[in-house]
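Heads up, the thing below is written out as structure tokens.
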Amino acid sequence: MNDISDAELIMVIGSNTTEQHPLASTRIFEALEKGAELYVIDPRMIRLTDFSHGHAIIEPGTNLPMINAMIHVIIEENLMDEEFIRNRTENFEEMKASVVDCTPEWAEAITHVPADTIRLFARKYATTDKAMILFTMGVTQQTTGVKSIRALGNLAMLTGHVGRPSTGINPLRGQNNVQGAGDMATLPDYLPGYQRPEWPETKDRFTKAWGDISCLRGNTIIDMFNLMEEGKMKAAIIVGENPVLSDPDQLHTMHCLEKIPFLVVQDIFMTETSQYADVILPAASFLERDGTYTNTDRRVQLIRKVIEPVGNCRPDWWIINELMKRIGMDVDYKSPSEIMDEINETTNIYGGITHERIQEVGLQWPCPTKDHPGTPILHVGEFIRGKGLFTVNDFERIGDQRSEEFPFFLTTGRVTHQYHTGTMTRKVWTLDREYPHGFVEINTKDAEDLGIKMHQEVRITSARGSITAPAMVTDRIKEKTVFVPFHFAESPANRLTGQNLDPIIKIPALKVSAVRIEVAQ
Amino acid sequence: MKRMETTCGYCGCGCGIYVNMADDGTMLGITPSYNHVVSKGKLCSKGWHGFAFVRDSRRLSNPLIKQKDGTFRETSWDEALEFAANGLKSAMTDGDNTDVIGVVSSARCTNEENFLMAKLARAGLKTSSVDHCARL
Chain A
3 MNDISDAELI
13 MVIGSNTTEQ
23 HPLASTRIFE
33 ALEKGAELYV
43 IDPRMIRLTD
53 FSHGHAIIEP
63 GTNLPMINAM
73 IHVIIEENLM
83 DEEFIRNRTE
93 NFEEMKASVV
103 DCTPEWAEAI
113 THVPADTIRL
123 FARKYATTDK
133 AMILFTMGVT
143 QQTTGVKSIR
153 ALGNLAMLTG
163 HVGRPSTGIN
173 PLRGQNNVQG
183 AGDMATLPDY
193 LPGYQRPEWP
203 ETKDRFTKAW
213 GDISCLRGNT
223 IIDMFNLMEE
233 GKMKAAIIVG
243 ENPVLSDPDQ
253 LHTMHCLEKI
263 PFLVVQDIFM
273 TETSQYADVI
283 LPAASFLERD
293 GTYTNTDRRV
303 QLIRKVIEPV
313 GNCRPDWWII
323 NELMKRIGMD
333 VDYKSPSEIM
343 DEINETTNIY
353 GGITHERIQE
363 VGLQWPCPTK
373 DHPGTPILHV
383 GEFIRGKGLF
393 TVNDFERIGD
403 QRSEEFPFFL
413 TTGRVTHQYH
423 TGTMTRKVWT
433 LDREYPHGFV
443 EINTKDAEDL
453 GIKMHQEVRI
463 TSARGSITAP
473 AMVTDRIKEK
483 TVFVPFHFAE
493 SPANRLTGQN
503 LDPIIKIPAL
513 KVSAVRIEVA
523 Q
Chain B
316 MKRMETTCGY
326 CGCGCGIYVN
336 MADDGTMLGI
346 TPSYNHVVSK
356 GKLCSKGWHG
366 FAFVRDSRRL
376 SNPLIKQKDG
386 TFRETSWDEA
396 LEFAANGLKS
406 AMTDGDNTDV
416 IGVVSSARCT
426 NEENFLMAKL
436 ARAGLKTSSV
446 DHCARL
């Protein structure tokens, strides 16, 4: 993250950094003070755009054509890093052929970003030595999310902006340990350390460590809920999640939870989801247990038990250990550090990360051995796969489109003072008073056309459902686009979002839903 | 007063914080860690204020089991864990349970806890359907 402050150009795509990653945004401001330039691609004017050198006010769901058009410009104007392409990449010619028709004018018609702005972004990015890209869910939560990230990979390789300090394409991870949860493979398509279930050595390694295992590509959360609805899924355990507010298509989610015959929920508060449980197990909060979190820099850091758990709460690791014993597994973990020992043995990238070594400062994985210093930058000298692969990412429209019935696009997001579904922050009065309820941002002109006044209650309706929230009339959002934060149970944005998934990794298109809006009756 | 260093539990930045406590263990507040590699002595509003939910009176403090009328009753850990384990176990088939049992873990949990959840799912419940909110 310290790399950000040394960058000479920062391109922020689909990340409201000051609100979601406040401390990462301080690095952007450090860079700006040192003379860096900032370019933002976002359908809303966010705090960062007040300080930016360029803002592409983009139509939701169209990052991909914007990026492809930038690649087109860089190739056409011969601004590539030819040595990098020759020595470290492959498949350039095919990628080049795929963007021949992606002119800035073509992209303007789709993205509503002026062709000259696209050219400016492309030229600035290509001709600045230390240029880095930051992105978050504004890129991934679209039906073309994976393609967009691959296209960003093309863009970075094309210009040699990879594997050096203050370059690269850098996802800012939303939740404290979303990186670590992925590393530890609470994912259906990996075992710990990103080992694919279908690799023979994965099965051998984990059968040896864990005994007989299920080693398939399993179902994602979204697919699990669909199996509940079909009546196939008989039992589930949900730990520290609130899918009723965080998952798309709320009414569908609630319906599925009603149908599942047996549900265990582990959480610190009663949530919208735990209401559906057959048994609720009260867990300790992050100040009441030991363990490690891995931050967006891949840095594994300790958390410490500062106070005893309130009431009869227990740390999640203790609860899971008890459940494991009671379903007949031969385990008995005494402490998180003992669990880390097993992680060291089975997960190469965490091989040398022990609690003992990170008492003072965290270590960045890959860190395969006990004397390895950790790895601050990935892909130095060589990509993990060897040569960097240019990919072909053609744009297609999948999922919600504007229509006569639903002429607006809804995009969802967060505000600084609240966190995810608000389970914790809405119970902290000094935070909750800043944004005590949900709202819908709507452009001044659209509000005038619809007769909507500031703070007036409005109804937003999609093909999935309908919610109400007070209007926030502002020029800081693109016309025919509305924004609703998803923290608030009384105005649940995810009642409106749908199950249009990215076909490759099945991330739902939470950032693009077609809706209509009217004064609430 | 004593203070203890730990890592903030909100976003993926992973800032270093000190929790200040009175001698009787009451939490008094948060101070940034001045030489922490990420936060360098700064914190956002959630970092400064976000700890207060820990002592909220609405915290769940005992295991709960749902009764026939839909309300929950408090119970002991032993009964709740036995009930939960039996419910999960009786859903298990003789073969693979990938389409039968779902395991949803959390980005709020530690690495160690997520590792155990992956192991519980794949080695215990014999299901590959284990996921968390990374997509959401």
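Each protein sequence line maps, in turn, to chains A and B.
The opening residue of the first sequence carries number 3 in the working numbering; numbering runs sequentially from there.
The opening residue of the second sequence carries number 316 in the working numbering; numbering runs sequentially from there.
Backbone N, C-alpha and C fix where the C-beta goes; we use that ideal spot for every residue, glycine too.
- Query: Per DSSP, what kind of secondary structure is A/M331 in: helix, strand or coil?
  - Reply: In the structure shown, the three-state DSSP call for A/M331 is coil.
- Item | Residue span of the beta strand (DSSP E) that contains A/G56, given as start and end | Segment G56 to A58, the beta strand (DSSP E) holding A/G56.
- Message: Assuming contact is defined by CB atoms lying nearer than 8 angstroms, are A/I454 and A/I469 in contact in what I supplied?
- Response: Annotated as distal: A/I454 and A/I469, with beta-carbon spacing of 8 angstroms or more.
- Message: By DSSP's criteria, A/Q177 is part of a beta bridge. Which residues make up the other side?
- Response: Beta-bridge pairing links A/Q177 to B/C326.
- Query: Based on the DSSP secondary-structure assignment, which residues constitute the bridge partners of A/R46?
  - Reply: In DSSP, A/R46 forms a bridge with A/I479.
- Taking the alpha helix (DSSP H) that A/A211 falls in, what are its first and last residues? Per DSSP, the continuous alpha helix (DSSP H) segment holding A/A211 begins and ends at P202 to W212.
- Message: Just verifying my parser: in three-state terms, what is the DSSP assignment at A/G313?
- Response: For A/G313, the secondary structure class from DSSP, reduced to helix, strand or coil, is coil.
- Can you have a look at A/M3 and say buried or exposed, based on whether 16 or more other CB atoms are within 10 angstroms of its CB? Around the beta-carbon of A/M3, 16 or more other beta-carbon atoms lie within 10 Å, marking it buried.
- Task: Kindly indicate which three-state DSSP category A/A516 falls into: helix, strand or coil?
- Result: Here A/A516 sits in strand by DSSP.
- Between which two residues does the beta strand (DSSP E) containing A/Y127 stretch? Note, A/Y127: premise wrong, no beta strand (DSSP E); alpha helix (DSSP H) at A117 to T129.
- Query: How far does the beta strand (DSSP E) with A/P494 in it reach, from first residue to last?
  - Reply: From DSSP, A/P494 is part of no beta strand (DSSP E); its letter is neither H nor E.
- By DSSP, does A/G147 sit in helix, in strand, or in coil? A/G147 falls in the helix class under three-state DSSP.
- Message: I'd like to know if the region 259 to 277 of chain A and the region 327 to 343 of chain B are in contact, where contact means that at least 3 CB-CB pairs between them fall below 8 angstroms.
- Response: A contact between stretches requires three or more CB pairs, one per stretch, nearer than 8 angstroms, and the region 259 to 277 of chain A fails this requirement with the region 327 to 343 of chain B.
- Message: Please report whether the beta-carbon of B/K381 lies at a distance below 8 angstroms from any beta-carbon of chain A.
- Response: Yes, because at least one Cβ of chain A sits closer than 8 angstroms to the Cβ of B/K381.
- Item | Three-state secondary structure assigned by DSSP to A/G155 | Residue state for A/G155 is assigned as helix, using DSSP reduced to three classes.
- Message: Quick check on A/P67: does DSSP put it in helix, strand or coil?
- Response: Note: A/P67 maps to helix in three-state DSSP.
- Query: When the Cα atoms are used, what is the spatial distance from A/I509 to B/M316?
  - Reply: Approximately 47 angstroms, taken between the alpha carbons.
- Query: Cα separation between A/V526 and A/V442?
  - Reply: Residue 526 of chain A is absent from the structure shown; chain A starts at 3 and stops at 523.
- A/V442 - partner residues in DSSP beta bridges: Within the DSSP bridge table, the entry for A/V442 names A/A473 as partners.
- Query: Name the chain A residues that come within less than 7 angstroms of B/L435, Cβ to Cβ?
  - Reply: Within chain A, the residues near B/L435 are I322, L325 and M326.
- Message: Please state whether the Cβ-Cβ distance between A/N179 and A/T296 is less than 8 angstroms.
- Response: Their beta carbons are under 8 angstroms apart, which means A/N179 touches A/T296 by this criterion.
- State the Cα-Cα distance for the pair A/T129 and A/T446, rounded to the nearest angstrom. The straight-line gap from Cα to Cα measures roughly 37 angstroms.
- For B/V445, the residue or residues it bridges with in DSSP: The partner list for B/V445 (beta bridge, DSSP) reads B/V418.
- Nearest-angstrom Cα separation, counted from A/R478 out to A/K513: If you take the alpha carbons of A/K513 and A/R478, they lie about 17 angstroms apart.
- Report yes or no: is there a C-beta of chain B within less than 8 angstroms of the C-beta of A/F53? No, no contact with chain B.
- How is A/S276 classed by DSSP in three states: helix, strand or coil? Annotated three-state conformation of A/S276 is helix, per DSSP.
- Task: Identify which residue in A/I59, A/L160 and A/P45 has its Cα closest to the Cα of A/E95.
- Result: It is A/L160.
- Message: Going by DSSP, what residue range makes up the alpha helix (DSSP H) through A/T348?
- Response: Its alpha helix (DSSP H) spans residues P338 to T348.
- Item | Within 9 angstroms of chain B by C-beta, residues of the region 248 to 274 of chain A in sequence order | Along the region 248 to 274 of chain A, going in chain order, the ones with a CB nearer than 9 angstroms to a CB of chain B are S248, D249, P250, I262, P263, F264, L265, V266, Q268, D269, I270, F271 and M272.
- Could you name the residues of chain A that B/R373 contacts, counting a contact when the two beta carbons are closer than 9 angstroms? Within chain A, the residues near B/R373 are F271, M272 and K429.
- Message: Does B/S405 pass the burial test, meaning 16 or more other C-beta atoms within 10 Å, or should it be called exposed?
- Response: Exposed is the call here.
- Looking only at its own chain, which residues have a Cβ that is under 7 angstroms from the Cβ of A/I15, when we skip the five neighbours before and after it? Contacts found: I43, N65, I135, F137, G140 and V141.
- What residues in the region 485 to 507 of chain A bring their beta carbon closer than 7 angstroms to a beta carbon of chain B? Correct list: empty, as no residue qualifies.
- Query: By DSSP, does A/P106 sit in helix, in strand, or in coil?
  - Reply: Three-state result, A/P106: helix.
- Task: Answer with buried or exposed for A/I48, where buried requires no fewer than 16 other C-beta atoms within 10 angstroms of its C-beta.
- Result: Classification for A/I48: buried.
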